[in-house]
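Heads up: take any position in the sequence shown, counting from 1, add 61, and you land on the numbering used here.
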Amino acid sequence: MAEKEIYYEMLWDCTQCEAKGLLGDSHRHCPMCGAAQDPKQRYFPKPGAEVEAKNHQYVGVDWSCAFCMSPNSAAAAHCTNCGAGQDGTKPVVKVEDVSVNPSVKPQVASVPGGVRWLRWVLALAVLVIVVLGTLFFKTQETTATVTQKTWSREIQIEKLVPVSESAWCEAMPTGAYAVTYTREQRSSKKVPDGQECREQRVDQGDGTFVKRQECTPRYREEPVYDKRCHFQVNRWRMSRSAKAEGDTEVLPAWPSVGNLNLANRGSNPLAVASGPMGSEREGPRRETYVLKLASGSKLWTCMVSEPVWTKYAEGRTTPLKVRLTGGADCDSLK
62 MAEKEIYYEM LWDCTQCEAK GLLGDSHRHC PMCGAAQDPK QRYFPKPGAE
112 VEAKNHQYVG VDWSCAFCMS PNSAAAAHCT NCGAGQDGTK PVVKVEDVSV
162 NPSVKPQVAS VPGGVRWLRW VLALAVLVIV VLGTLFFKTQ ETTATVTQKT
212 WSREIQIEKL VPVSESAWCE AMPTGAYAVT YTREQRSSKK VPDGQECREQ
262 RVDQGDGTFV KRQECTPRYR EEPVYDKRCH FQVNRWRMSR SAKAEGDTEV
312 LPAWPSVGNL NLANRGSNPL AVASGPMGSE REGPRRETYV LKLASGSKLW
362 TCMVSEPVWT KYAEGRTTPL KVRLTGGADC DSLK
């Protein structure tokens, strides 16, 4: 059998004579000046100072009179203060208990001075962004001379070597050897661990409130273990590189593959691990093309594509866009 709820008195303050701490159910009018209770002035008493509403029968949320704003019982057909009917009326607004529910925060009026300060900060931030954008993106055109051209091309040489790795055992790669095992935490899971309960005071909307236990599930984190494999596996790793470089006197060319002296020449670069231990193969290729330009005492260095590098001869003058910070917009070289 459900336990009978106990009703307690909400409190309210009279706005006419400033009487404080009047009882929400017992004092429907101010005992000092006779003013009707204002439901907007209702509030919860301090915890531990609650007053029980004796012989209270709950019939529903009060309705607020559309003419005099007095709260009336849901059972009343007419306003007890002015006699008006219920047509066009609305239920009173219930109050949240902020004293025992920290998640409910009271409304705080905005401070005009703080708003003005925030506007100044935002305006300053916008100004800084505009200035930086102008410095880094706005350009002006000048005439520069190509003073030097250089290029370099590199082929990385990869070697098949043993590498120590680890993985969860079901994901261990093919070809792994010298395998050992450990038991390690792989993840965690939430396990039910009782409930978190607290007392919640609930406004009934008729000048009273009740106390209810509000419980939510509580969980604890529990580790989940699995088998982890530690092993060696053969992998291609960069061991050295072959590089060719020059300027306008030597045309760009890759180092001769025949002169790389690959040990036990390995498989193609797409293979994961193929060939005897210590085998070598060609790895990624890299190339750079550099133009150095000058205008008076100002110098710029631009890394460009091979077609652009080929287009510009040493001593040639060309339009060049320069940022306000002094850096060259190398993309303007086409």
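Beta carbons: idealized from backbone N, C-alpha and C, even for Gly.
Practice item. Can you grab the Cα-Cα spacing for the pair residue 261 / residue 182, in whole Å? Key: Using only the alpha carbons, I get a separation of about 42 Å.
Practice item. Provide the residue(s) that pair with residue 292 in DSSP beta bridges, ordered along the chain. Key: 226
Review point. Hey, would you say residue 302 sits closer than 8 Å to residue 217, going by beta carbons?
Key: yes
Review point. Can residue 71 be considered in contact with the ligand MN, in the sense that its beta carbon sits closer than 7 Å to one or more heavy atoms?
Key: The model depicted lacks the ligand MN and carries no ligand whatsoever.
Review point. Name the DSSP bridge partner or partners of residue 282?
Key: According to DSSP, residue 282 bridges with 251.
Point to revise | Chain-order list of residues whose beta-carbon lies under 8 Å from that of residue 394 (same chain, five-residue window excluded) | key: Contacts found: 352, 363, 365, 369, 373, 379 and 381.
Exercise for review: Report the three-state DSSP secondary structure of residue 131 (helix, strand or coil).
Suggested key: coil
Exercise for review: Please look up how many angstroms separate the CB atoms of residue 294 and residue 248, rounded, as I've assumed it's under 8 Å.
Suggested key: Actually they are not in contact, since the Cβ atoms of residue 294 and residue 248 sit about 25 Å apart, beyond 8 Å.
Check your understanding: Using 8 Å as the Cβ pair cut-off and three pairs as the minimum, do the region 239-254 and the region 272-283 touch?
Key -> yes
Exercise for review: Using beta-carbon positions only, say whether residue 220 and residue 341 come within less than 8 Å of one another.
Suggested key: yes
Review point. What first and last residue would you give for the alpha helix (DSSP H) that runs through residue 368?
Key: 367-372
Practice item. State buried or exposed for residue 168, treating a residue as buried only when at least 16 other CB atoms are found within 10 Å of its CB. Key: Confidence at residue 168 is low in this model, with a pLDDT of 45, below 50, so the placement of that residue is unreliable and no value is reported for it.
**Study point:** Proximity to residue 371 [Cα-Cα], best of 350, 105 and 134
**Key:** 350
Exercise for review: Would you check if the distance between the CB atom of residue 153 and the CB atom of residue 106 is smaller than 8 Å?
Suggested key: no
Review point. Which same chain residues, not among the five before or five after residue 239, have their C-beta less than 7 Å away from its C-beta?
Key: Excluding sequence neighbours, residue 239 sits near 292 and 293.
Check your understanding: Hey, residue 325 and residue 339 are a contact pair by Cβ (cut 8 Å); roughly how many whole angstroms apart?
Key -> 6 Å
Practice item. Assuming residue 112 and residue 70 form a contact by the criterion Cβ under 8 Å, report the distance between their Cβ atoms to the nearest whole angstrom. Key: 5 Å
Review point. Is residue 224 closer than 8 Å to residue 296 when the C-beta atoms are compared?
Key: yes
Review point. Can the beta-carbon of residue 126 be found less than 8 Å from the beta-carbon of residue 116?
Key: No, Cβ-Cβ distance for residue 126 and residue 116 is not below 8 Å.
Exercise for review: In the DSSP assignment, find the beta strand (DSSP E) that holds residue 467 and state where it starts and stops.
Suggested key: Here the chain comprises residues numbered 62 to 395, so residue 467 is not present and cannot be evaluated.
Review point. Taking the beta strand (DSSP E) that residue 344 falls in, what are its first and last residues?
Key: 341-356
Review point. Would residue 124 pass as a contact of residue 135 if the rule is Cβ separation under 8 Å?
Key: If you check the CB distance, residue 124 and residue 135 come in under 8 Å.
**Study point:** Cβ-Cβ separation, residue 264 to residue 159 (assumed contact under 8 Å), whole Å
**Key:** For residue 159 against residue 264, the beta-carbon gap comes to about 12 Å, at or over 8 Å, which does not count as contact.
Point to revise | Cβ neighbour criterion (16 or more within 10 Å) applied to residue 308 | key: exposed
Exercise for review: Would you list the residues sitting across from residue 264 in a DSSP beta bridge?
Suggested key: Paired residue(s): 270.
Check your understanding: By a C-beta neighbour count over all protein chains shown, 10 Å radius and 16 as the cutoff for buried, is residue 68 buried or exposed?
Key -> Counting Cβ neighbours within 10 Å, residue 68 comes out buried, since at least 16 surround it.
**Study point:** Span of the beta strand (DSSP E) around residue 379
**Key:** 378-384
Check your understanding: Are there 16 or more other CB atoms within 10 angstroms of the CB of residue 78, so buried, or fewer, so exposed?
Key -> exposed
Check your understanding: Are the CB atoms of residue 276 and residue 257 nearer to each other than 8 Å?
Key -> It is a contact, given that the beta carbons lie within the stated cut-off.
Check your understanding: Taking the alpha-carbon positions, what's the residue 95 to residue 88 distance?
Key -> 10 Å
Review point. Taking just the CA atoms, how far does residue 75 sit from residue 133?
Key: 17 Å
Check your understanding: In angstroms, rounded to a whole number, what distance separates the CA positions of residue 109 and residue 80?
Key -> 22 Å
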